[in-house]
Structure formats: C-alpha cells, structure tokens
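Following: one structure in structure tokens, then a few remarks.
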Amino acid sequence: MLAASHLTRRFGERVAVDDVSFELAPGEIFALLGPNGAGKTTTMRMLAGLIAPSSGTVRLGAEVVSRHSAPRLRGRIGLLGETPGLWDRLSVRRNLLVYARLHGLADPAAAVDEALERFGLRDRGGEPAAQLSKGLKQRVALARTLLHRPDILLLDEPTAGLDPESARDLRELVLRLRGERRTIVLSTHNLDEVERVADRVAVMRARLLAVDAPAALHARLYGPRLRVTIGQPAAPFLGVLAKAGFRDVQAQDRTLSIAVGEHAAATPAIVRRLVEEGADVLSVMPEQARLEDVYLHLVGREDAQ
Numbered sequence: 099m100l101a102a103s104h105l106t107r108r109f110g111e112r113v114a115v116d117d118v119s120f121e122l123a124p125g126e127i128f129a130l131l132g133p134n135g136a137g138k139t140t141t142m143r144m145l146a147g148l149i150a151p152s153s154g155t156v157r158l159g160a161e162v163v164s165r166h167s168a169p170r171l172r173g174r175i176g177l178l179g180e181t182p183g184l185w186d187r188l189s190v191r192r193n194l195l196v197y198a199r200l201h202g203l204a205d206p207a208a209a210v211d212e213a214l215e216r217f218g219l220r221d222r223g224g225e226p227a228a229q230l231s232k233g234l235k236q237r238v239a240l241a242r243t244l245l246h247r248p249d250i251l252l253l254d255e256p257t258a259g260l261d262p263e264s265a266r267d268l269r270e271l272v273l274r275l276r277g278e279r280r281t282i283v284l285s286t287h288n289l290d291e292v293e294r295v296a297d298r299v300a301v302m303r304a305r306l307l308a309v310d311a312p313a314a315l316h317a318r319l320y321g322p323r324l325r326v327t328i329g330q331p332a333a334p335f336l337g338v339l340a341k342a343g344f345r346d347v348q349a350q351d352r353t354l355s356i357a358v359g360e361h362a363a364a365t366p367a368i369v370r371r372l373v374e375e376g377a378d379v380l381s382v383m384p385e386q387a388r389l390e391d392v393y394l395h396l397v398g399r400e401d402a403q
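Below you can see the structure in the form of structure tokens.
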C-alpha cells in the first residue's frame with residue numbers, strides 16, 4: 099500500500115502542496131486532477147522519493163520513504179514523466195538495456211526482449227529513438243518504467259501532447275497494468291482521460307479539494323439528475339418545473355437537466371407535468387455523472403475564496 103500523510107512542500111514562501119493525505123490500494127488507478135501549478139508533479143516527485151516533503155510522510159507498506167530509504171524503495175516504484183527521457187542516438191533496445199543494467203536486473207537482455215514483445219515494440223528495437231513518433235516514445239518510456247516490475251507506477255501527464263490514437267493506446271496499456279494488481283497514480287488535467295481509467299480521483303489546488311470515485315463526487319455535489327429531451331426549446335419549461343418544486347433545472351436547446359435529489363421516483367410526475375404544459379417528451383433517462391461539472395465547481399469555488 100502507498101500512503102501519503104499530511105504531505106506539505108514549500109519552495110521559499112510558496113506552498114506548492116498543502117497537507118495532502120490519501121491511501122492507495124493494490125490494483126487501484128488513482129488520478130491527481132488539477133490545473134497547471136496545482137502541485138500534481140510535486141506530489142508525484144515526493145511519492146517517488148525524488149524530493150523530500152517539508153513536512154508529512156510517504157509510506158510504502160510499513161516503510162517511510164525518506165532520503166535514506168528512497169534509493170532502495172525506488173526498486174518498487176516506477177516513474178514516467180511527461181517527457182520520455184530517451185537517448186535519441188541510441189536504439190530502442192539499447193535505451194532499454196541501459197536502464198535494465200542500472201536497475202541491476204539479473205538478465206538485462208531477456209528483460210528487454212520481454213518488454214519489447216509486451217509493448218508491441220519488437221520490430222522497433224533497432225530504430226534510433228530520435229526516429230520515433232511521440233506516441234511510440236511514450237510507449238518505450240512506459241516499457242522502460244516497468245523493466246524492474248515495480249509495485250507502484252507513477253504516471254505524470256503521460257498522454258500530454260499525444261495524438262488521440264496514441265493516447266488511446268497508452269490508456270489501454272494502463273488499464274492492462276491494473277489487471278496485474280499494480281497501483282497506478284496518474285497526474286493529469288485531462289478530464290476525459292480520468293473518467294475513462296480512474297477508480298478514484300483527487301481534485302487538488304495545492305491542497306485536496308475532494309477525493310472519491312468520479313460518479314460519487316458528482317452525486318455528492320449534485321445528487322441524482324434526470325435528463326429529459328423534448329421536441330421544442332426547453333427554456334420555456336423552466337418555470338413549469340420550478341412551480342412543481344424542482345428548483346435546480348438547467349435548459350440547453352431541447353434538453354432539460356433536472357436535479358431530483360430524494361425525489362428520484364418523481365419521474366412520472368415530471369413527465370406528466372411537462373406533457374400537460376404542451377411538451378413533446380421524446381426521451382427520459384438518468385443523467386450520466388460528468389466529472390467536468392465537479393471539477394469546474396470545485397476549482398471555481400476555490401478561486402472565489
């Protein structure tokens with residue numbers, strides 16, 4: 099288990115990370131979500147033991163990650179940064195061999211062969227890293243990060259700057275790794291990416307604003323909502339629903355988004371009232387939780403304070 103307890107990091111007078119705590123379970127994908135400068139990368143570097151917290155602790159199992167223990171514990175941690183960090187003049191195979199030897203693997207060549215096969219890079223082994231696309235470079239970097247079979251995988255903005263196809267391929271690799279019971283921490287400001295892969299998300303702005311599963315965060319802030327599509331502009335029906343006791347209603351084009359709260363069984367009454375007022379009700383369904391709404395609410399509230 100990886101656990102952060104009251105992590106704080108200051109750079110001079112600036113507090114980059116402020117009293118952050120969380121615990122991660124084996125096989126969990128945990129996303130750190132926040133705008134640029136929110137402290138995500140600093141948190142990742144503290145988790146990896148690359149920088150020391152100003153206060154607070156990181157524990158890996160029963161051991162505290164410290165300046166003294168970090169070199170040994172890093173064998174259980176793999177860190178992939180936003181940039182691949184490959185030697186351009188070396189081939190893909192030689193890049194991986196260098197790191198396999200640095201990790202002191204018993205059979206570096208066999209480990210590299212396995213990584214090339216596993217990540218679909220066998221035919222690219224002889225190519226100089228400089229000739230690879232950014233997506234392929236990130237794939238090589240992920241293969242390098244896993245050479246020593248770490249328990250914990252830290253991915254800092256892994257799909258930044260990738261084209262959609264390369265980003266999708268990398269996400270699929272990450273999901274495959276979860277099936278191997280590796281704990282994965284993903285830092286990003288890509289909301290779509292988080293919704294696709296994360297079990298839990300921590301929204302941060304130096305401090306943690308909220309931590310939970312994406313759907314649970316939405317339910318906590320907004321409660322259950324109903325999405326009603328009608329055959330005419332929706333805005334004129336806002337007043338109708340307000341009079342019926344539904345105060346939190348949003349209208350966009352021909353769609354009404356209605357917060358039903360504890361009145362989740364009120365769907366027939368809502369439909370009946372709309373029909374009575376002349377609406378052509380085309381569809382009614384529970385509204386899918388949107389992480390974007392949660393994120394903008396939390397970060398916007400923080401900005402207003």
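Residue numbers (the working numbering): 99 to 403.
Glycine residues also receive a C-beta, built at the ideal position from the N, C-alpha and C atoms.
If you check the beta carbons only, do P322 and V358 fall under 7 Å apart? yes
Closer than 7 Å to chain D by CB, H395: Considering every chain present, this structure includes no chain D. It has just one protein chain.
In angstroms with no decimal places, state the Cα-to-Cα distance between R269 and F344. 39 Å
Alpha-carbon to alpha-carbon, R165 and D391: 40 Å
Taking buried to mean at least 16 other C-beta atoms within 10 Å of its own C-beta, is E385 buried or exposed? buried
Helix, strand or coil: how does DSSP classify E180 here? coil
Please list the terminal residues of the continuous alpha helix (DSSP H) segment that includes I368. 365 to 374
Is it buried or exposed for A129, if we count other Cβ within 10 angstroms and need 16 for buried? It counts as buried.
So what does DSSP say about V196, is it helix, strand or coil? helix
Cβ contact check for the segment 329 to 339 and the segment 300 to 319: 3 or more pairs under 8 Å: no
Rounded C-alpha distance that separates A102 from K138: 13 Å
Using three-state DSSP, classify T155 as helix, strand or coil. It is a strand residue.
Starting from Q236, trace the beta strand (DSSP E) in both directions and tell me its first and last residue. Where Q236 is concerned, there is no enclosing beta strand (DSSP E), although the alpha helix (DSSP H) it sits in stretches over 232 to 243.
Pull up the DSSP beta-bridge partners for L324, would you. I356, P384
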